[in-house]
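Colleague: Heads up: the sequence shown at position 7 corresponds to 7 in this note's numbering, and the numbers run straight through without jumps.
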Amino acid sequence: MKKCLIVVNTFKTLALPLARSMETFLEEKGVECERFEYDGSSERDRAYENTAGENAAAETATEKKSFSGYDFVVTLGGDGTVLFASRGAAPWGIPVFPVNLGEFGFLASISPEKWQEGLNDFLCGNSSVTRRSLVEAEVIRGGKTVFRASALNDVVLSSRGAARLVNFSVAFNHALLGPFKANGLIVSTATGSTAYSAAAGGPIIDPSLDAMLLTPISSFSLSARPLLFDASGEIAITLMRSRENVVLSADGQVNFDLCCDDVIILTIPPYKASLVGASQSGFYAALQSKLNWSGGPRA
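#1: Roughly how many angstroms lie between the CA atoms of LEU157 and PRO226, to the nearest whole one?
#2: Work out the CA separation of GLU28 and LEU213 for me, nearest whole Å.
#3: Using DSSP's beta-bridge definition, name the partner residues of ILE140.
#4: Under the three-state reduction of DSSP, which class applies to ASN173: helix, strand or coil?
#5: Measuring only the C-alpha atoms, how far is SER197 from ASP206?
#6: Could you spell out the range, first to last residue, of the beta strand (DSSP E) harbouring TYR38?
#7: What number of angstroms, rounded off, separates the C-alpha of ASP230 from the C-alpha of ALA108?
#8: Exposed or buried, ASN9, counting other C-beta atoms within 10 Å across all chains shown (16 or more means buried)?
#9: To the nearest angstrom, how far is the alpha carbon of SER127 from that of PRO95?
#10: Is the distance from the Cβ of LEU266 to the Cβ of VAL187 below 8 Å?
#11: Can the beta-carbon of LEU152 be found closer than 8 Å to that of THR189?
#12: Taking only the alpha-carbon atoms, compute the straight-line gap between PHE97 and SER242 and give it to the nearest angstrom.
#13: Go through its chain and collect everything with a Cβ distance to GLY184's Cβ below 7 Å, but skip five positions before and after it.
#14: Between the Cα of PHE168 and those of TRP92, GLY252, CYS259 and ALA149, spot the shortest distance and give me the residue it belongs to.
#15: Compute the distance between the beta-carbons of VAL139 and ASP262, then report whether it is under 8 Å.
#16: For ARG20, is the classification buried or exposed, using 16 other Cβ atoms within 10 angstroms of its Cβ as the cut-off for buried?
#17: Taking a contact to mean a Cβ-Cβ separation below 8 Å, would you say ILE264 touches PHE172 in this structure?
#18: I need the straight-line Cα distance from VAL82 to SER208, nearest angstrom please.
#19: Closest by CA to GLU34, which one among ILE6, PHE25 and MET22?
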């Protein structure tokens, strides 16, 4: 381990002082450090995405910063900071060391009081590294790819206006599932099943599973239920004529405006996010401590 990128969430008051302490610690161990200050803005985050299309590629060529060349990434923030770093690091196979300065800590599982012990174990090769699947969205318009982004949690298609119905046509592996009329659709990974999908009534999925979960948001039909699909398949969602403007959002951080007849292809890419300390036992402990989950009579 020779080179590290430290992603500092500028909205967390402890992040910058902690970054300085961590840089001193790592440099004493011969690790070169670079710092990136992350403010959570969608425009900045979009510059890190793998964007496709003739115009899109030209727009981001000068501002895109690659995560390649680093041996590992440290995040100082909450789960949102981990989502940002994981999307950039996953295609290069770079592990993310997530220190939790946020509220939930489903992904940022390392407490700020134990970062030095945890980081030392990681550098010595004594830490568990968990690999998590992402979901990739490709927007096809007029036969051409105009946008592409990945997400560790979910890809959401929804109206810009609150409580507005949108019309979709959904297919899996070219088998038509039918029309969906809803406020939106969520396609999440197993990791993202505890996020927006859970709030919309979707099931909790063990994060070690490779799968795509389709969850309607406030569907107009009582028959619409969450659907779990095999990771090797392909979900194709066509945006039908609707009264509302519709936006695609990847991890709630990368946004793209959709047009009628756009086809959104969703797949599980071959690369995965590598998270330090995100164990299965920690996941279920977070369900109990953060979401008050319990199977007993005192739930």
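The beta-carbon is built from N, C-alpha and C at its ideal position, and this holds for glycine as well. Just so it is clear, the structure is predicted and the values come from calculations on it, not from any experiment.
Modeller: The short version:
#1: In the sequence shown, residue 157 corresponds to position 157, counting from 1. In the sequence shown, residue 226 corresponds to position 226, counting from 1. In a straight line, the C-alpha of LEU157 is about 15 Å away from that of PRO226.
#2: Along the sequence shown, read from residue 1 onward, the residue named residue 213 stands at position 213. Along the sequence shown, read from residue 1 onward, the residue named residue 28 stands at position 28. Straight-line Cα distance between these residues: approximately 45 Å.
#3: In the sequence shown, the residue the question calls residue 140 occupies position 140. Per DSSP, THR145 and VAL263.
#4: Translated into the one-based positions of the sequence shown, residue 173 becomes position 173. Correct three-state label for ASN173: coil.
#5: Mapped onto the sequence shown, residue 197 falls at position 197. Mapped onto the sequence shown, residue 206 falls at position 206. Going by the C-alpha atoms only, they are around 14 Å apart.
#6: Here residue 38 refers to the residue found at position 38 when the sequence shown is read from its first residue. Its beta strand (DSSP E) spans residues 32–38.
#7: Position 230 of the sequence shown, counted from the first residue, corresponds to residue 230. Position 108 of the sequence shown, counted from the first residue, corresponds to residue 108. For ASP230 and ALA108, the distance between alpha carbons rounds to 27 Å.
#8: The residue given as residue 9 occupies position 9 in the sequence shown. Its Cβ being crowded by 16 or more others within 10 Å, ASN9 is buried.
#9: Start at 1 with the first residue of the sequence shown, and residue 127 comes out as number 127. Start at 1 with the first residue of the sequence shown, and residue 95 comes out as number 95. In a straight line, the C-alpha of SER127 is about 11 Å away from that of PRO95.
#10: Residue numbering aside, residue 266 sits at position 266 when the sequence shown is read from its first letter. Residue numbering aside, residue 187 sits at position 187 when the sequence shown is read from its first letter. In contact: LEU266 and VAL187 (Cβ atoms closer than 8 Å).
#11: Residue 152 sits at position 152 when you count from the first residue of the sequence shown. Residue 189 sits at position 189 when you count from the first residue of the sequence shown. The beta carbons of LEU152 and THR189 sit closer together than 8 Å.
#12: Here residue 97 refers to the residue found at position 97 when the sequence shown is read from its first residue. Here residue 242 refers to the residue found at position 242 when the sequence shown is read from its first residue. When only Cα atoms are considered, PHE97 and SER242 end up about 43 Å apart.
#13: Against the sequence shown, residue 184 aligns to sequence position 184. Once the five neighbours on either side are set aside, the close Cβ partners of GLY184 are VAL156, LEU157, SER158, SER159, VAL166 and ILE217.
#14: For the purposes of this step, residue 168 is taken as the residue at position 168 of the sequence shown. In terms of CA proximity to PHE168, CYS259 leads the group TRP92, GLY252, CYS259 and ALA149.
#15: As a first step, residue 139 is located in the sequence shown; it is residue number 139 there, counting from the start. As a first step, residue 262 is located in the sequence shown; it is residue number 262 there, counting from the start. ASP262 is positioned such that its CB atom lies closer than 8 Å to that of VAL139.
#16: On the sequence shown, residue 20 is found 20 positions in, with the first residue counted as 1. ARG20 is exposed by the Cβ-count criterion.
#17: Locating residue 264 in the sequence shown gives position 264, counting from the first residue. Locating residue 172 in the sequence shown gives position 172, counting from the first residue. No, they are not a contact pair.
#18: Taking the sequence shown and counting its residues from 1, the one referred to as residue 82 is at position 82. Taking the sequence shown and counting its residues from 1, the one referred to as residue 208 is at position 208. Distance between VAL82 and SER208, taken at the CA atoms: about 17 Å.
#19: Position 34 of the sequence shown, counted from the first residue, corresponds to residue 34. Comparing Cα positions, the closest option is ILE6.
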